[in-house]
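Q:
Number of protein chains: 2
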Amino acid sequence: MRLRLTSFRATLVLLALASVAAAQDPLPSWNNTQPKQAILQFVKTTTDPSSPSFIPLDRRVAAFDQDGTTWVEQPIFTELVFALDRIVAMAPGHPEWKTTQPFQAILSGDRATMEKFTLGDLEAILLATHSGMPVAEFQATVRDWLSKAKDPRWHRPYTELVYQPMLELMRYLRANGFKTYIVTGGGQDFVRAYAERVYGIPPDQVIGTALKLQYGYDKGGQAVLTESPKLLMNNDGSGKAKDLYLYLGQPPAAAFGNSTGDKQMLEYTQSAPGAHLTMLVLHDDPKREYAYGPADNLPETKIGRFTDGLYNEAKSRGWTVIRMKDDWKRIFAFEK
Amino acid sequence: MRLRLTSFRATLVLLALASVAAAQDPLPSWNNTQPKQAILQFVKTTTDPSSPSFIPLDRRVAAFDQDGTTWVEQPIFTELVFALDRIVAMAPGHPEWKTTQPFQAILSGDRATMEKFTLGDLEAILLATHSGMPVAEFQATVRDWLSKAKDPRWHRPYTELVYQPMLELMRYLRANGFKTYIVTGGGQDFVRAYAERVYGIPPDQVIGTALKLQYGYDKGGQAVLTESPKLLMNNDGSGKAKDLYLYLGQPPAAAFGNSTGDKQMLEYTQSAPGAHLTMLVLHDDPKREYAYGPADNLPETKIGRFTDGLYNEAKSRGWTVIRMKDDWKRIFAFEK
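In the order they appear, the protein sequences are chains B and L. One point on numbering: in the working numbering, the residue at position 27 of the first sequence is 34, and numbering is uninterrupted. One point on numbering: in the working numbering, the residue at position 303 of the second sequence is 310, and numbering is uninterrupted.
1) Three Cβ pairs or more, each shorter than 8 Å: is that satisfied between the stretch 272 to 283 of chain L and the stretch 249 to 263 of chain L?
2) For residue 309 of chain L, does the three-state DSSP call read helix, strand or coil?
3) Out of B:323, B:245, B:335, which one is the CA nearest neighbour of residue 222 of chain L?
4) Rounding to the nearest angstrom, what Cα-Cα distance links residue 199 of chain B and residue 188 of chain B in this structure?
5) Report the three-state DSSP secondary structure of residue 142 of chain B (helix, strand or coil).
6) Do the CB positions of residue 89 of chain L and residue 147 of chain L come within less than 9 Å of each other?
7) Quick one: is residue 196 of chain L near chain B, going by C-beta distance under 9 Å?
8) Mind checking if residue 207 of chain B is an interface residue toward chain A, Cβ cutoff 9 Å exclusive?
9) In chain L, what lies closer than 8 Å to residue 243 of chain B by C-beta?
10) Distance, Cα to Cα, residue 38 of chain B vs residue 333 of chain B?
11) Okay, do the stretch 75 to 95 of chain L and the stretch 218 to 236 of chain L touch, 3+ Cβ pairs below 8 Å being the bar?
12) CA-CA distance, residue 326 of chain B and residue 67 of chain B?
13) Are residue 64 of chain L and residue 47 of chain L closer than 9 Å when you measure CB to CB?
14) For residue 137 of chain B, does the three-state DSSP call read helix, strand or coil?
15) Could you pull the start and end residues of the alpha helix (DSSP H) that residue 42 of chain L belongs to?
16) Alpha helix (DSSP H) containing residue 275 of chain L: first to last residue?
17) Any idea what DSSP makes of residue 235 of chain B, helix, strand or coil?
18) How is the beta strand (DSSP E) around residue 219 of chain B delimited, first residue to last?
19) Can we say the stretch 163 to 171 of chain L touches the stretch 69 to 79 of chain L, given the rule of at least three CB pairs closer than 8 Å?
20) I want to see whether chain B comes within less than 9 Å of residue 211 of chain L, judged by CB atoms only; does it?
21) Which residues, in chain order, does the stretch 44 to 75 of chain L contribute to contact with chain B at a C-beta distance below 9 Å?
22) Which same chain residues, not among the five before or five after residue 176 of chain B, have their C-beta less than 7 Å away from its C-beta?
23) Leaving out five residues on either side along the sequence, give the residues of the same chain with a beta carbon under 7 Å from the beta carbon of residue 93 of chain B.
24) Can you tell me the Cα-Cα spacing of residue 214 of chain L and residue 115 of chain B, whole angstroms?
25) Secondary structure at residue 248 of chain L, three-state DSSP: helix, strand or coil?
26) Starting from the beta carbon of residue 179 of chain B, find every residue of chain L whose beta carbon is closer than 9 Å, and list them in chain order.
27) Of the residues B:145, B:128, B:291, B:56, which one's Cα is nearest the Cα of residue 97 of chain B?
28) Leaving out the 5 sequence neighbours to the left and right, which residues in its chain are closer than 6 Å to residue 248 of chain B when beta-carbon positions are compared?
29) Have a look at L:163, L:159, L:180, L:242 and flag the residue whose alpha-carbon is nearest the alpha-carbon of residue 196 of chain L.
30) Please confirm whether residue 150 of chain B has its beta-carbon closer than 9 Å to some beta-carbon of chain L.
31) CA-CA distance, residue 56 of chain L and residue 337 of chain L?
32) Between the beta-carbon of residue 298 of chain L and the beta-carbon of residue 174 of chain L, is there less than 9 Å?
33) So what does DSSP say about residue 326 of chain B, is it helix, strand or coil?
34) Express the C-alpha separation of residue 269 of chain L and residue 216 of chain L in angstroms, rounding to a whole number.
35) Quick one: grab the DSSP three-state call for residue 260 of chain L.
36) Just the chain B side, please: which residues come within less than 7 Å of residue 232 of chain L by C-beta, in chain order?
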């Protein structure tokens, strides 16, 4: 009986807190422009059992790209900064890197060569720094690096460069029964090392690029999984749609991205019956963050970008474009 | 205020139901032998916050192999029966199969050749029948087949050949905060077609062997995923440990299997810190089900089996062996 009374009291407190929260603005860092209205309308109609747009609980899944969607990806994406630092840290064990590209350029600080790195070079750097150790050791290395590294512009830990409006959106969706997933072209194990702390997203709701694993035993005969330098899933572009199906068996009801690497994830989200919310973040705020995207006249790289083509597809498919400058009142939690 | 009162009433009903359920035996189809005691003890200690064996909610994951662990896999596993039927159904569109093995043997009913099928033949059969169509269409095909096919011994739909003790175990674990996963060497999409109905397990908690997907569009420009005849993940043996890490980022706390294909999953489960429950089903009941396993003198096939080696490992690592004959009071729900 004691247990029941305690449960009732806990329920009462939770209900009271919930009604206080509902009375407040769930998205205080968003200006009251079209994207915020679209989010509020989507949540209102999809959680109302009497609405034709109602989505049952087991279909309430929201997928978030990470780099450029939930945190800063300029001037280079955080995981590559980590990888470059790791090349330097690992160099004493790899004397051959002194005379082998792309490692030689990194170790000698040859910026001219580094700026010409191809996708193949990036892959070599990521594979070399993400493999060869037990999975738990890799995640510990990531956490250690994150606790020390600071970004060159704000001089803050990279994990503080998350977008406050997106954190509010994640919390708001979760409060309304949506499961929030990170669906990133970045390394699954890299992001899992901090996703719970930074986004409140547990490891099993992080889908990312993954390496093949090797199965073995430690000296005590205990099972150990080790990352091998071979790609299993490239979770970018159509890979995001495929891997969402692989993990979930169904399309999400909502998806948020910012580049061509998110195009198929948004298309796949729209292929589900019923209501969906599909949004792209446009970086048009060089003062508070960065400006890059359609018609920015930057050279087209092979890494996903918000291109003119994506902008046109957003218009034709009815995806909502979030313009950071106009639609976000506050970008970072550390802003005044 | 109306909402709050309704919630309170619902809470009251749920609490009342929960206390009734707790007073009853949660595992009525299990005899009161060592395996049942091990399960009850595991759940009691891992859910008691004051116990040193307590497992927090986010680590309460239980992984179940399917074929031979949660349902009958003799005389041949159900998915292969499905595939053989599909070869016959698909034959009019594949005139070349009349003169190509392994299809020719199936279509002509050449049992002598079929009994000599290699793993390569099985793979060819499974790939041919599981690929080439949109994922939703494949699952519809599975559901349609399951609604009509009957097994040769009990003359019942295959989905009735699930082990009642394991259904009770799944429910009992879920009632105690464990998430239950199917982790099968069978096709992920095959099992997802019925896992919710049969086991109460949603698609995102089924991990199985998976083919590579192709991304495309239908005539209306809508995204469509199609199975291609190439293996992405072979979720058997060490694949089960790797894929558990890939999907969950951590080992489960409990795992249930019946063959060498489950060996690494159980080892991986034991590698987690804290308490675990690791169990193997031994088929020693030819009267009520089948008998096969250690020292059964059957020829060793390459498909996972409960071998002498596995039996010895179970002893040395402290895995619990469930002997169907002694430990299960009732095997099927349809038994009197």
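Note that beta-carbon positions come from the ideal geometry of N, C-alpha and C, so glycine has one too. Since the model is a prediction, treat every value here as computed from it, not as a measurement.
A: By the coordinates alone:
1) yes
2) Unreliable placement is indicated for residue 309 of chain L, whose pLDDT of 43 sits below 50; the coordinate value is still reported in the next sentence. It is coil, neither helix nor strand.
3) B:245
4) 11 Å
5) helix
6) no
7) yes
8) Checking the listed chains, one finds no chain A in this structure; the protein chains it contains are B and L.
9) Those do not exist, as residue 243 of chain B stays about 12 Å from chain L at its closest Cβ, beyond 8 Å.
10) 7 Å
11) no
12) 19 Å
13) no
14) helix
15) 41 to 53
16) 270 to 277
17) strand
18) 213 to 224
19) yes
20) yes
21) 65, 68
22) 34, 46
23) 136
24) 45 Å
25) helix
26) Simply none; closest approach about 19 Å.
27) B:145
28) 271, 272, 275
29) L:242
30) no
31) 33 Å
32) no
33) coil
34) 14 Å
35) coil
36) 248, 249, 252
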